[in-house]
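Protein chains in written order, with my numbering: chain A, 1 to 120; chain B, 1 to 500.
Encoded as structure tokens, the structure appears first; notes follow it.
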């Protein structure tokens with residue numbers, strides 16, 4: 001049952017539909033086992049933005065305070081997009097490679113175990 | 001002829017049963033339009049056992065006596081500058097959370113019970129809800145008055161009504177009550193009357209009231225004593241509604257179980273903030289969150305659910321998950337507030353070395369392994385003059401609205417994440433419990449007012465975080481937020497105490 005309501009045909013207003021973001025979309029991103037940042041981030045990006053631009057201008061900015069950020073060997077990084085294994089294509093736009101509104105990206109950096117080796 | 005003097009029992013009967021209407025020409029269903037849509041079946045309202053049995057005149061008399069004593073103590077507290085007697089100025093930040101986060105919930109409880117006090121077909125239940133509604137309104141007033149003294153001397157109090165509808169972490173508490181109030185009257189009573197007031201209330205009351213006593217805050221202690229007899233009545237109402245619903249019809253059992261599962265989970269998520277308060281914010285500790293959970297839920301709640309088993313009710317669905325999480329949530333929550341300390345309307349800080357040792361002792365399985373290293377790193381940065389603040393907005397759970405700060409219990413450094421799809425959009429959650437709640441009623445939760453998304457939609461001013469905090473939240477920058485170290489609160493305290 002989608003809702004228990006007095007009116008049988010009740011529907012709710014979808015607060016976070018992509019149209020409400022003025023040409024942008026939400027992308028969530030988390031760095032697994034690095035909890036200096038206590039939760040994954042919510043980022044805002046133009047729908048047609050290329051992945052390399054998104055990464056350089058938005059993602060790097062969010063994570064760069066972490067002392068291991070500069071040590072990441074990007075050739076060994078693994079990615080999940082909405083729970084499925086994923087290989088980002090730098091020159092393709094977010095939408096054209098399936099990074100849609102409210103998609104969740106998470107990445108793993110083998111060999112980097114966080115500050116003090118404690119997953120921080 | 002002199003009017004016959006009625007005894008209490010007669011007065012109460014006249015107030016309730018005899019005051020009800022007979023629906024001789026109007027449709028009874030139209031008079032109580034909320035009574036059936038939740039699927040609850042009531043066959044006989046006369047079986048309702050009134051938990052309070054208070055008449056209005058005795059209610060006024062009791063409450064007026066309590067108020068008189070309470071306000072006498074508030075006056076004395078104020079005249080003696082008793083804020084100087086608290087253990088440490090860090091303590092006041094727990095009271096800021098109380099006023100900004102909990103007092104508005106008392107107001108929502110007042111509104112919710114006033115509504116249910118109109119909507120039940122049974123007059124005994126209506127009167128009980130109206131009485132509780134009055135109590136809740138009184139709690140709002142007395143809390144505001146108890147804390148108004150602190151507002152004269154400390155930052156972070158003055159915009160509490162404005163902040164309630166705007167600030168990201170306050171949306172957690174606000175949306176919890178909005179969820180309950182936008183359910184039907186029976187769900188509201190199971191949510192607030194039973195799951196929160198009966199099952200979880202000690203976990204709010206003990207840390208705040210005992211915490212106040214341990215930390216020299218006599219204003220809050222006195223409020224607590226004044227509210228205690230009300231809370232006892234509220235607990236009996238919570239238990240009565242459960243027993244009444246379960247005895248009325250067997251079809252009610254699965255519905256009540258579903259609500260207990262939902263509201264026990266929602267309630268324990270809400271208590272994360274109490275957990276961090278117990279472990280991190282009280283300079284003189286009462287007990288750890290883990291110990292509190294064991295005493296007040298695992299022991300007391302365990303006995304309660306054993307008692308309810310004869311009705312076919314089992315333990316709340318995620319009790320086992322919360323048992324595991326008790327080792328982690330206070331640390332994860334305080335770390336979140338510490339790292340987003342610029343966006344908190346109270347001060348945050350690194351625990352002292354003595355406190356770190358207390359946490360190691362209380363959490364031997366988890367603290368040194370997962371959490372102490374974070375504080376060691378934070379200390380290092382602070383010593384270098386680079387106190388850590390996280391400048392990027394977090395991902396929020398659609399249901400509880402808390403950032404995804406909780407981790408997998410079999411892998412405590414991995415963020416827990418769940419996902420659901422509805423009408424072409426994705427929704428994200430912190431847990432199976434929150435995902436279940438969404439999937440039961442997605443049409444309700446697609447409407448979640450998620451503060452981070454609202455900021456990104458441009459509905460909270462801006463463009464930058466400083467403007468949002470200052471103009472939309474009305475934080476006084478550098479006074480209401482940021483670290484305790486270097487705050488005006490700290491500087492004033494040192495001045496009053498003559499400490500350099």
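Every residue gets a Cβ at the ideal spot worked out from N, C-alpha and C, and that includes glycine.
Considering residue 79 of chain A, what are the terminal residues of the beta strand (DSSP E) in which it resides?
-> From DSSP, the beta strand (DSSP E) with residue 79 of chain A extends over 78 to 81.
Could you say which of A:100, A:85 and A:52 lies nearest to residue 108 of chain A if we only look at CA atoms?
-> Comparing alpha-carbon positions, the option among A:100, A:85 and A:52 lying closest to residue 108 of chain A turns out to be A:85.
Close-in-space but distant-in-sequence residues of the same chain around residue 52 of chain A (CB under 6 Å, 5 per side omitted) = Correct list, in chain order: 90.
Name the two residues that bound the continuous alpha helix (DSSP H) containing residue 429 of chain B.
-> Where residue 429 of chain B is concerned, there is no enclosing alpha helix (DSSP H), although the beta strand (DSSP E) around it starts and stops at 425 to 429.
Which bits of chain B does residue 62 of chain A rub up against, with CB to CB less than 7 Å?
-> Those are 392, listed as they occur along chain B.
By DSSP, does residue 75 of chain B sit in helix, in strand, or in coil?
-> Assigned with DSSP and collapsed to three states, residue 75 of chain B falls in helix.
Is DSSP giving residue 211 of chain B helix, strand or coil here?
-> Helix.
Touch test, the segment 274 to 288 of chain B against the segment 204 to 224 of chain B, Cβ-Cβ under 8 Å, three pairs minimum | Flag = yes, the segment 274 to 288 of chain B and the segment 204 to 224 of chain B touch.
Residue 413 of chain B lies in the beta strand (DSSP E); which residues open and close that run?
-> From DSSP, the beta strand (DSSP E) with residue 413 of chain B extends over 411 to 415.
Distance, residue 71 of chain B Cα to residue 438 of chain B Cα = Between the alpha carbons of residue 438 of chain B and residue 71 of chain B lies a distance of about 44 Å.
What alpha helix (DSSP H) runs, 4 residues minimum, are completely inside the segment 31 to 78 of chain A?
-> At a cut-off of 4 residues, the continuous stretches assigned as alpha helix (DSSP H) that sit fully inside the segment 31 to 78 of chain A are 51 to 54 and 60 to 63.
For residue 47 of chain A and residue 94 of chain A, believed in contact at Cβ under 8 Å, the rounded distance | The Cβ separation is near 7 Å, so the contact holds.
Residues within the segment 365 to 385 of chain B neighbouring chain A, beta-carbon criterion of under 9 Å = Listed by position, the residues of the segment 365 to 385 of chain B near chain A (Cβ gap below 9 Å) are 369, 370, 371, 372, 373, 374, 376 and 377.
Any C-beta of chain A sitting closer than 8 Å to the C-beta of residue 428 of chain B?
-> For residue 428 of chain B, the answer is yes, since a Cβ of chain A falls inside 8 Å of its Cβ.
Could you spell out where the alpha helix (DSSP H) holding residue 377 of chain B opens and where it closes?
-> First-last of the alpha helix (DSSP H) with residue 377 of chain B: 372 to 383.
C-beta atoms of residue 16 of chain B and residue 121 of chain B nearer than 8 Å = Against a cut-off of 8 Å, the Cβ pair of residue 121 of chain B and residue 16 of chain B comes out as no contact.
Please compile the residues from chain B whose C-beta is within a distance smaller than 7 Å of the C-beta of residue 122 of chain A.
-> Because residue 122 of chain A is not part of the residues shown, which for chain A are 1 to 120, the question remains open.
Mind checking who residue 517 of chain B pairs with in its DSSP beta bridge?
-> Nothing about residue 517 of chain B can be read from this structure; chain B reaches only from 1 to 500.
Would you call the segment 252 to 269 of chain B and the segment 375 to 393 of chain B touching, i.e. three or more CB-CB distances under 8 Å?
-> No, the segment 252 to 269 of chain B does not touch the segment 375 to 393 of chain B.
If we count the other Cβ atoms within 10 Å of its Cβ and call it buried at 16 or more, is residue 60 of chain B buried or exposed?
-> Only exposed fits residue 60 of chain B, as fewer than 16 other CB atoms lie within 10 angstroms of its CB.
Cβ distance (whole Å) where residue 276 of chain B is taken to contact residue 337 of chain B below 8 Å = Between residue 276 of chain B and residue 337 of chain B, the beta carbon gap of about 7 Å places them in contact (Cβ cut-off 8 Å).
Beta-carbon separation of residue 82 of chain B and residue 218 of chain B under 8 Å?
-> For residue 82 of chain B and residue 218 of chain B, yes; Cβs fall inside 8 Å.
Would you please verify whether the beta carbon of residue 325 of chain B is less than 8 Å from any beta carbon of chain A?
-> Closer than 8 Å: no.
Length-filtered (4 minimum) alpha helix (DSSP H) runs lying within the segment 464 to 497 of chain B = Inside the segment 464 to 497 of chain B, DSSP marks whole alpha helix (DSSP H) runs of 4 or more residues at positions 488 to 497, from first to last along the chain.
Label residue 328 of chain B either buried or exposed according to how many other C-beta atoms from any shown protein chain fall within 10 Å of its C-beta, with 16 as the threshold for buried.
-> Answer is buried; the Cβ neighbour count reaches 16.
Boundaries of the alpha helix (DSSP H) in which residue 360 of chain B is found, first to last residue = From DSSP, the alpha helix (DSSP H) with residue 360 of chain B extends over 353 to 362.
Going by DSSP, name the residue or residues bridged to residue 85 of chain A.
-> According to DSSP, residue 85 of chain A bridges with A:80.
When you compare only the Cα positions, how much space is there between residue 346 of chain B and residue 156 of chain B?
-> So the alpha carbons of these two residues sit roughly 6 Å apart.
Compare the C-beta of residue 118 of chain A with all C-beta atoms of chain B and state if any pair is closer than 8 Å.
-> Answer yes: the Cβ-Cβ gap between residue 118 of chain A and chain B drops below 8 Å somewhere.
In three-state terms, what does DSSP make of residue 124 of chain B?
-> Collapsing the DSSP output to three states places residue 124 of chain B in a helix.
Residue 26 of chain A: contacting residues in chain B (beta-carbon distance under 8 Å) | Those within 8 Å of residue 26 of chain A in chain B are 453 and 456.
For residue 153 of chain A, the first and last residue of its enclosing alpha helix (DSSP H) | Here chain A covers residues 1 to 120 and nothing more, so residue 153 of chain A does not appear.
What span of residues does the alpha helix (DSSP H) with residue 422 of chain B cover, start to end?
-> Counting along the chain, residue 422 of chain B falls outside any alpha helix (DSSP H), though it belongs to the beta strand (DSSP E) covering 418 to 422.
So residue 92 of chain B and residue 489 of chain B are in contact, right, with Cβ under 8 Å, and what is the actual spacing, rounded?
-> Contact between residue 92 of chain B and residue 489 of chain B holds: CB atoms are separated by about 7 Å, below the 8 Å threshold.
Start and end of the beta strand (DSSP E) containing residue 106 of chain A?
-> Counted as a single uninterrupted DSSP element, the beta strand (DSSP E) harbouring residue 106 of chain A occupies residues 103 to 108.
With a floor of 4 residues, list each alpha helix (DSSP H) that falls wholly inside the segment 34 to 99 of chain B, ordered by position along the chain.
-> Note on the segment 34 to 99 of chain B: whole alpha helix (DSSP H) runs with a minimum of 4 residues are 56 to 79 and 92 to 97, in chain order.
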